Every structure is written in structure tokens, then in C-alpha cells.
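Worksheet for the structure shown next.
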Amino acid sequence: MEPVIERISVKTNVLNANQQTALANRELFHKEGLLVMNLMSAPGAGKTTLLEATICALQGKLRVAVIEGDLQTDLDAQRIEALGVRAFQITTGTVCHLDARMISRALESFPISDLDLLVIENVGNLICPSSFDLGESLRVVVCSVAEGPEKPKKYPVMFNKADLVLINKVDLAEPSGADLQELMNNVAEVSPNATILALSARTGEGMPPWINWLQYAVDSHASSSRMLNVSL
Amino acid sequence: MHEIAIAESIVQIAEEKARSQNARSVRVVKLRLGTFTTIVAEALQFAFEIAQQGTSCSEAQLEIEIVPMIVRCVVCEESSEPVRGICLICGQCGFPLQIVSGEELQIDYIEVD
Ligand SMILES: Nc1nc2c(ncn2[C@@H]2O[C@H](COP(=O)(O)OP(=O)(O)OP(=O)(O)O)[C@@H](O)[C@H]2O)c(=O)[nH]1
Ligand SMILES: [Mg+2]
Ligand SMILES: [Zn+2]
Numbered sequence: 435m436e437p438v439i440e441r442i443s444v445k446t447n448v449l450n451a452n453q454q455t456a457l458a459n460r461e462l463f464h465k466e467g468l469l470v471m472n473l474m475s476a477p478g479a480g481k482t483t484l485l486e487a488t489i490c491a492l493q494g495k496l497r498v499a500v501i502e503g504d505l506q507t508d509l510d511a512q513r514i515e516a517l518g519v520r521a522f523q524i525t526t527g528t529v530c531h532l533d534a535r536m537i538s539r540a541l542e543s544f545p546i547s548d549l550d551l552l553v554i555e556n557v558g559n560l561i562c563p564s565s566f567d568l569g570e571s572l573r574v575v576v577c578s579v580a581e582g583p584e585k586p587k588k589y590p591v592m593f594n595k596a597d598l599v600l601i602n603k604v605d606l607a608e609p610s611g612a613d614l615q616e617l618m619n620n621v622a623e624v625s626p627n628a629t630i631l632a633l634s635a636r637t638g639e640g641m642p643p644w645i646n647w648l649q650y651a652v653d654s655h656a657s658s659s660r661m662l663n664v665s666l
Numbered sequence: 046m047h048e049i050a051i052a053e054s055i056v057q058i059a060e061e062k063a064r065s066q067n068a069r070s071v072r073v074v075k076l077r078l079g080t081f082t083t084i085v086a087e088a089l090q091f092a093f094e095i096a097q098q099g100t101s102c103s104e105a106q107l108e109i110e111i112v113p114m115i116v117r118c119v120v121c122e123e124s125s126e127p128v129r130g131i132c133l134i135c136g137q138c139g140f141p142l143q144i145v146s147g148e149e150l151q152i153d154y155i156e157v158d
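Chains as they are written, first to last, in my numbering: chain A, 435 to 666; chain Z, 46 to 158.
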């Protein structure tokens with residue numbers, strides 16, 4: 435006898451489980467009233483260097499902590515801790531991205547109640563991290579001038595989901611002959627709603643607008659969290 | 046290789062659904078996959094063959110329907126399928142385009158016995 439085959443409608447997003455955990459993370463972040471940023475880029479675009487410069491610029495202004503995601507080593511967390519800022523290293527082993535559950539597990543032993551800003555530096559990768567919501571409120575993508583102007587066109591999904599795109603290493607634009615304007619145009623074409631800023635985490639050129647943007651994002655997030663918590 | 050994580054989620058969702066319907070095994074998993082995702086269909090098929098082993102999906106075929114990317118301008122209401130170097134600014138009026146489809150990563154249905 436032939437077995438009876440039955441079709442069952444599912445209509446479920448494959449990333450549903452991650453999205454549920456991300457939602458719980460986001461609710462917790464809102465309750466604690468802190469802004470959480472998911473910082474993404476290709477390997478070596480300068481995320482940790484940018485964080486070092488940002489932490490120095492924010493000293494005495496905002497209370498910051500960092501969660502670092504890498505395949506191996508806690509070198510990036512060490513660089514952050516060297517500045518007197520609390521850092522937690524997640525090593526993913528072979529997994530090429532952070533997911534919401536890794537963050538919720540980290541939060542079991544990483545206090546966040548005394549913070550204004552939590553930055554999550556994702557694994558250096560322009561592909562996989564874009565699919566995994568961590569519960570962040572801000573997505574920032576770093577792209578260095580040295581990577582060539584066509585990166586946004588090659589990895590449009592990552593750039594499209596960004597709230598802010600930071601063009602880093604502008605100090606290299608002239609010596610390397612890279613076309614900064616073409617890179618900015620390409621970012622605007624794949625991510626027309628994102629803010630675009632250009633800077634050098636090494637020389638400090640272009641840092642003030644970024645710091646102002648961040649300060650403004652933290653302030654407006656804090657007031658909207660306060661309103662949300664009152665109404666809950 | 047996030048296709049591995051994706052394939053594991055697909056198997057997990059299909060297994061749960063089959064169990065809730067008291068089905069014996071899953072024969073087909075039908076997936077809708079947009080072109081504006083980071084998932085490569087061939088890599089996903091390969092990852093699925095690994096993820097399905099030892100589960101109630103071990104005999105299942107993964108059928109992937111590719112959903113093209115469609116964008117639409119909210120101002121001039123023009124819809125189009127972006128070509129090559131994706132540009133999400135309307136060529137007519139310069140406004141940001143909305144993504145209508147192409148971001149799907151959804152299990153449509155399963156077939157069980
Ligand atoms: N010239 C120049 N070099 C930079 C700049 N920012 C970072 N670098 C250099 O780029 C290299 C990589 O920087 P990191 O900050 O470690 O990059 P990352 O994105 O954190 O790297 P992963 O975490 O491994 O993905 C280091 O040698 C930095 O000194 C910059 O603005 N200008
Ligand atoms: Mg780093
Ligand atoms: Zn238009």
C-alpha cells in the first residue's frame with residue numbers, strides 16, 4: 435500500500451527562533467534603558483580601533499561596555515579592557531557570526547544595568563552577521579577605504595540594513611588612490627536611508643561628527659526608553 | 046558558512062511541525078528563498094543533506110523556490126527588478142525604493158506521511 439502523503443502549511447520564517455530570542459534581548463535592553471549597537475564589517479576594517487578611539491572620546495560622557503565576537507582569541511577584548519572599559523569576549527569557534535542566543539548567554543554573567551551604551555563587535559564578515567538580529571537598536575557597518583569602492587555593491591544586504599555606514603581609514607584615501615566619492619555613492623545607492631560618515635580611527639580625522647551622532651542616538655534612545663517603561 | 050545554521054533551523058522547524066501533526070516522516074520541505082538574502086541555494090542544499098541526518102527529515106527533499114527581488118518607488122509607484130549593481134534609488138525621481146520582495150527565507154509547507 436502506498437503511504438498517504440499529506441501537505442501541511444507552515445509559513446514560518448527560518449530565523450524565527452533567533453528572532454524570538456532577539457526580541458527578548460531587545461526588551462531587556464529597553465528595560466535597562468541602554469542603547470545597544472551591532473558593529474559589523476569585513477575582517478580588519480577597523481572596528482576595534484574605532485572602538486578604542488570612541489571610548490577615549492566618550493570618557494566621562496557615557497558609560498560604555500563592549501561584547502567582542504571573534505572565531506578565536508580574546509585579543510580584541512583585551513584591547514578594550516586595557517582602556518579600563520568592561521569587555522566580554524565571545525569566541526564562536528567555527529561559527530561565522532554572532533546570534534541572539536550567544537548574546538543572551540553572555541548577559542548571564544555580564545552586567546549591563548549601569549550602562550548607557552553597549553557595543554557588540556560582530557565577527558569580521560560582510561555576509562552572515564546581517565541575517566542574525568541580536569536585539570540591537572542600531573546597526574553600524576564599517577567599510578574601509580582600502581577595501582575598494584565596490585564593496586557595498588558586492589555585499590548589498592549587509593549595507594542595506596545599516597542605520598549608519600562609517601567609511602574608515604580616510605587617511606589612506608590619498609596615498610592609495612582610492613576613490614572615496616565613488617565609495618560613498620555606492621553606499622548611498624544600496625542603503626539610501628543610512629547616514630554616511632567618513633573618518634579615520636587612526637588619525638582622528640572626522641571623529642567629532644561620529645561622536646556627536648552617537649551621543650545624540652544614546653540621548654534620544656534613553657528618553658524613548660523612559661517613556662516606554664513608564665507606559666508599560 | 047551560515048548555511049549550516051540555516052539548514053539546522055529548517056530541519057528543526059519541519060520536525061516540530063511534523064511531530065505536532067503526529068506525522069511519521071517528512072518527505073518534502075518547501076522553502077521560499079529571496080534573492081536579496083545572503084543564502085546561496087546550492088550551499089543550503091548541501092548543508093541540508095548534513096543537517097537532515099538522523100532526524101525525521103532524513104528522507105526529505107528540500108525544494109527551493111527562488112523569489113526574485115522586486116523594488117517599488119512610493120512616489121511614482123514604478124515597480125522593477127533591479128539589475129546587476131543593485132541601486133535602491135528611483136531613477137525617475139531620486140527617492141529611496143522600497144523592497145517589495147526578495148528578502149524571503151520562509152518554510153512554505155512540508156509534506157509528510
Ligand atoms: N591607516 C589606518 N589604519 C587603520 C585605521 N583603523 C584601523 N586601522 C588598522 O587596520 C588594522 C585592523 O584594525 P582592527 O581595528 O583590528 O580591525 P577589526 O575590524 O577590529 O578586525 P577584526 O576584529 O579582526 O575583524 C589594524 O592594523 C589597524 O591599526 C585607520 O583609520 N587608518
Ligand atoms: Mg576587532
Ligand atoms: Zn520614483
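From the three backbone atoms N, C-alpha and C, an ideal C-beta is built for every residue, glycine too.
Remember, predicted model here, so these are calculated numbers, not experimental data.
Is any beta-carbon of chain A found at less than 8 Å from that of residue i?
i	result
Ile58 (chain Z)	yes
Leu150 (chain Z)	yes
Gln66 (chain Z)	yes
Ser103 (chain Z)	no
Thr80 (chain Z)	no
Thr83 (chain Z)	yes
Ser125 (chain Z)	no
Glu156 (chain Z)	yes
Ile134 (chain Z)	yes
Ile131 (chain Z)	yes
Ile55 (chain Z)	yes
Ile51 (chain Z)	yes
Arg72 (chain Z)	yes
Pro113 (chain Z)	no
Taking CB distances under 8 Å as the criterion, tell me whether residue i reaches chain Z.
i	result
Lys495 (chain A)	no
Cys577 (chain A)	no
Ala476 (chain A)	no
Arg535 (chain A)	no
Ile439 (chain A)	yes
His531 (chain A)	yes
Ser565 (chain A)	yes
Ile524 (chain A)	no
Trp581 (chain A)	The sequence shown places Glu at residue 581 (chain A), rather than the Trp named in the question. By this cut-off, Glu581 (chain A) is not an interface position.
Leu449 (chain A)	yes
Val444 (chain A)	yes
Lys587 (chain A)	yes
Glu623 (chain A)	yes
Asn459 (chain A)	no
Ile561 (chain A)	yes
Asn556 (chain A)	no
Val686 (chain A)	Because residue 686 (chain A) is not part of the residues shown, which for chain A are 435 to 666, the question remains open.
Asn594 (chain A)	yes
Asn627 (chain A)	yes
Pro590 (chain A)	yes
According to DSSP, which residues form a beta bridge with residue i?
i	result
Val470 (chain A)	A:Leu552
Tyr154 (chain Z)	A:Ser443 and Z:Lys75
Leu600 (chain A)	A:Val576 and A:Leu631
Ser475 (chain A)	A:Val576
Ser571 (chain A)	Answer is none; Ser571 (chain A) lacks a bridge partner.
Ser146 (chain Z)	Z:Ile115
Pro141 (chain Z)	Z:Ile134
Whole-angstrom Cβ separation of residue i and residue j, contact assumed at under 8 Å?
i	j	result
Gln66 (chain Z)	Val448 (chain A)	With a Cβ gap of about 19 Å, Gln66 (chain Z) and Val448 (chain A) do not count as contacting.
Ile501 (chain A)	Ile537 (chain A)	7 Å
Leu107 (chain Z)	Val74 (chain Z)	5 Å
Val444 (chain A)	Asp153 (chain Z)	7 Å
Val28 (chain Z)	Ala96 (chain Z)	In this structure chain Z extends from 46 to 158, so residue 28 (chain Z) is not present and cannot be described.
Starting from the N-terminal side, write out each stretch of the beta strand (DSSP E) that is 3 residues or longer and does not extend beyond the stretch 77-136 of chain Z.
-> 106-112 and 115-118
Which runs of the beta strand (DSSP E), 3 residues or longer, sit entirely within the stretch 490-558 of chain A?
-> 498-504, 521-525 and 551-555
Test item, CB below 6 Å from any non-hydrogen atom of ligand 3 = Z:Cys118, Z:Val120, Z:Cys121, Z:Glu123, Z:Cys135, Z:Gln137, Z:Cys138 and Z:Phe140
If you measure from each residue's Cβ to the nearest non-hydrogen atom of ligand 2, which ones come out under 6 Å, in chain order?
-> A:Lys481, A:Thr482, A:Asp510 and A:Glu555
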